[in-house]
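Each remark here refers to the structure printed beneath this line.
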Amino acid sequence: MEKIIRTENLIFQYPADEDVKPEPAVKDITIEIEKGSFTAIIGRNGSGKSTIAKTFNALLLPTSGAVYVKGCDTKDADRLWDIRQTAGMVFQNPDNQLVSSIVEDDVAFGPENIGIKSEDIRGIVDEALFSVDMYDFRKKAPHMLSGGQKQRILIARALAAHPDILILDDSSSALDYRTDASLRKELGEHFKDTTTIMIAQRISSIRHADHIMVLEQGHIIGYGTHEELMESCELY
Ligand code: ADP
Ligand code: MG
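Laid out in structure tokens, this is it:
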């Protein structure tokens, strides 16, 4: 099975103040993520989830060690554009990320940005809106939507750029359990080749993940399926 993301002894440390030497946010992580898989990252606030996710699309570069996306080292500046395009990321806070006056124009930014022909964009936008169950809202103004609905529009915008890897940073935390489940089902049906990495706070949203990574203070302290972690990982 192709490993679409690989890290080797990844350490990430945010810049230090003069006299305080902070702990690295991510400490010596070596992992492999299979193409097409659904991987979840779970852990307490501040455990390093967002930091590790940002190294997967070269938003942050390793302090030491390496991250490879489709075999490309994220430190290779010539591949930065490819890597960002390969790995689409949806952030936690949906406010100020939606800028158009109607929903479908916001979703169209995804494919427009990567140069998809305008005659093809309509269909791609509709498919993405269907897959997050927001098609009926396509003519609405984004500011009229709830937090959870805005998050789904952001997911649609990322999906519409057809990334090989979709990284959702707590992006479904504002969804209720039922929409959460239907979102996962739709992603599985329409975008089954997309490798999905979902950072979550609730176990309920990730129990069907192929692999779950449990982070604690920058370390991986558990890795496996929901059933395996229930058996083996105390924090989980
Ligand atoms: P999580 O997403 O699991 O809540 P983060 O990856 O955001 O955790 O944070 C991991 C650690 O890195 C925390 O100790 C946090 O305070 C620190 N951190 C996060 N972002 C920054 C930043 N921009 N500058 C300095 N420290 C940061
Ligand atoms: Mg976070």
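Following numbering that gives the first Met the number 0, the numbering of the sequence shown begins with 0 at its first residue and continues without gaps.
Cβ atoms here follow ideal geometry from the backbone N, Cα and C, with glycine treated the same way.
The structure displayed is predicted, hence computed values, not measured ones.
Between the beta-carbon of Ile-82 and that of Asn-56 there is about 6 Å, and that keeps the pair under the 8 Å contact cut.
Within 10 angstroms of the beta-carbon of His-142 lie fewer than 16 other beta-carbons, which makes it exposed. Straight through space, the alpha carbons of Val-106 and Ser-100 are spaced by roughly 11 Å. In this structure, Ile-202 is the residue among Ile-202, Pro-14 and His-218 with its C-alpha nearest to the C-alpha of Met-229. At least one heavy atom of ligand 1 lies closer than 8 Å to the C-beta of Ser-46. The criterion of a C-beta distance shorter than 9 Å is not satisfied by Asn-112 and Ala-52. Looking at Glu-1, Met-0, Glu-17 and Lys-26, the one whose alpha-carbon comes closest to that of Gln-216 is Lys-26. Relative to ligand 2, the beta carbon of Asp-94 is positioned no closer than 8 Å to any heavy atom.
Ile-198 sits away from Ile-152, with the two beta carbons spaced by 9 Å or more. Following the DSSP letters along the chain, one finds Asn-8 inside the beta strand (DSSP E) bounded by residues 2 to 11. Here the C-alpha atom of Ala-15 lies approximately 11 Å from the C-alpha atom of Ala-24. By the criterion of at least three beta-carbon pairs nearer than 8 Å, the stretch 67 to 77 is not in contact with the stretch 88 to 97. The DSSP assignment places complete beta strand (DSSP E) segments of no fewer than 3 residues inside the stretch 85 to 109 at 86 to 89, in order along the chain.
Under the three-state reduction of DSSP output, Tyr-134 falls in the helix class. Take Glu-7, set aside five residues on each side of it, and the residues of its chain with a beta-carbon closer than 7 Å to its own are Thr-29, Gly-64 and Ala-65, in chain order.
In the structure shown, Phe-129 falls within a helical segment according to DSSP collapsed to helix, strand and coil. With respect to the C-alpha of Ile-164, the residue from Ile-10, Tyr-13, Lys-20 and Thr-38 having the closest C-alpha is Thr-38. In the DSSP secondary-structure assignment, Glu-33 is bridged to Lys-2.
In this structure, DSSP gives Val-19 a state outside helix and strand, which the three-state scheme calls coil.
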